[in-house]
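The structure under discussion appears below in the form of C-alpha cells.
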Amino acid sequence: MHDGDDETLVRSFRATGDNDSFERLYRRHRRAIYACCLHFVRHPHEAEDLCHDVFVTAYERFATLEGESFLPWVRRIARNLCLNRLRGERLRGGVEPADEQQPSGDADAARTTIVRQQLERAGAVLETLPPHQRRVFLLFHAAGLSYVEIAEQTGHSREAVRSHLQNARRNFRLRFERADSREQRGGR
Numbered sequence: 000m001h002d003g004d005d006e007t008l009v010r011s012f013r014a015t016g017d018n019d020s021f022e023r024l025y026r027r028h029r030r031a032i033y034a035c036c037l038h039f040v041r042h043p044h045e046a047e048d049l050c051h052d053v054f055v056t057a058y059e060r061f062a063t064l065e066g067e068s069f070l071p072w073v074r075r076i077a078r079n080l081c082l083n084r085l086r087g088e089r090l091r092g093g094v095e096p097a098d099e100q101q102p103s104g105d106a107d108a109a110r111t112t113i114v115r116q117q118l119e120r121a122g123a124v125l126e127t128l129p130p131h132q133r134r135v136f137l138l139f140h141a142a143g144l145s146y147v148e149i150a151e152q153t154g155h156s157r158e159a160v161r162s163h164l165q166n167a168r169r170n171f172r173l174r175f176e177r178a179d180s181r182e183q184r185g186g187r
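First residue of the sequence shown: 0, per numbering that gives the first Met the number 0; consecutive thereafter.
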C-alpha cells in the first residue's frame with residue numbers, strides 16, 4: 000500500500016483514528032526524531048527511550064497539531080521532552096542512568112569529575128556572553144531552533160541571527176579556552 004505524504008496521513012489519522020496512518024508517520028520520521036534526541040542526551044539508549052516517549056506524546060496530543068507540518072511539530076515535542084529530561088537531571092544533581100550502575104573504578108570517577116567541571120566552566124562562560132549572543136547561542140544549540148525560528152522569536156533578521164550566532168560561537172570558544180588555560184595553570 001502507498002504510504003502517502005505526511006499531510007494525507009495526518010488527515011487520515013485525524014478523520015478515522017486509523018493507527019496504521021500514525022504507524023506510517025512513525026516509521027517515516029523515527030530516525031530523524033531519534034537523531035534529534037541523541038543530539039541532546041548523547042546516550043543511545045536514553046535517546047531511544049525519549050524517541051518512544053516523543054511518539055507516545057505525539058499520539059496523545061495529536062489534536063493539537065494544527066496549521067503546521069507533522070515533522071516540525073514532532074521535532075518540537077522531541078526538543079521539549081529532551082530539554083525537560085536534561086533540566087530534571089540538572090535539578091537532581093546531574094544523575095544519569097550510568098551513575099545508577101555499579102561504579103567501574105577511579106578512571107570513570109575522574110572522567111565524570113572532569114566532564115562536570117567542563118560543563119560548569121561552559122555555563123560560566125555562557126554567562127559572560129552579551130545577552131543577545133547568549134540567547135541566540137542557546138536557542139540554536141540547546142533548543143535546536145533554525146535561523147528562521149530564532150529570527151521569529153527574537154525579531155532579528157535571519158542575517159542578524161547568523162551574525163550573532165557566529166560571534167557567539169567565536170566568543171564562547173575563545174573565552175572557554177582562556178578559562179581552561181587559567182584552570183590548568185592553577186586558577187591564576
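Heads up, the beta-carbon is just placed ideally off N, CA and C, and yes, glycines get one too.
Item                                                                                                                         : Value
Three-way DSSP call (helix, strand, coil) for P43 in this model                                                              : helix
Close-in-space but distant-in-sequence residues of the same chain around V124 (CB under 7 angstroms, 5 per side omitted)     : F171, R174, F175 and A178
Rounded C-alpha distance that separates T153 from G66                                                                        : 22 angstroms
C-beta atoms of A77 and R133 nearer than 9 angstroms                                                                         : no
Proximity test, T56 beta-carbon vs the ligand MN heavy atom, cut-off 8 angstroms                                             : Absent from the structure shown: the ligand MN. Ligands present: none.
Assigned exposure category for E99 - 16 Cβ within 10 Å defines buried                                                        : Unreliable placement is indicated for E99, whose pLDDT of 42 sits below 50; the coordinate value is still reported in the next sentence. Classification for E99: exposed.
C-alpha gap between Y25 and D5, whole angstroms                                                                              : 10 angstroms
Helix, strand or coil at H155 according to DSSP, with G and I counted as helix                                               : coil
Within 9 angstroms, strictly: CB atoms of F136 and L128                                                                      : yes
Neighbourhood of R13 by C-beta distance below 6 angstroms, restricted to the same chain and skipping five residues each side : none
Beta-carbon gap between R23 and L37 smaller than 9 angstroms                                                                 : no
H131 versus V53: straight-line alpha-carbon distance, rounded                                                                : 31 angstroms
D17 at chain D interface by Cβ criterion, 9 angstroms                                                                        : Given the protein chain composition of this structure (a single chain), no chain D is represented.
Distance between R181 and V40 (C-alpha atoms, nearest Å)                                                                     : 29 angstroms
Assigned secondary structure, S190 (DSSP; H/G/I helix, E/B strand, else coil)                                                : The requested residue 190 is not part of the displayed model; the chain covers only 0 to 187.
Contact under 9 angstroms by Cβ, L85 with A31                                                                                : no
Helix, strand or coil at P71 according to DSSP, with G and I counted as helix                                                : helix
Residue range of the unbroken alpha helix (DSSP H) whose run includes F61                                                    : No alpha helix (DSSP H) holds F61; DSSP gives it neither H nor E.
Residues near L144 by beta carbon distance below 6 angstroms, same chain, minus five either side                             : L138
Own chain, CB closer than 8 angstroms to R161, minus 5 neighbours either side, in chain order                                : Y146
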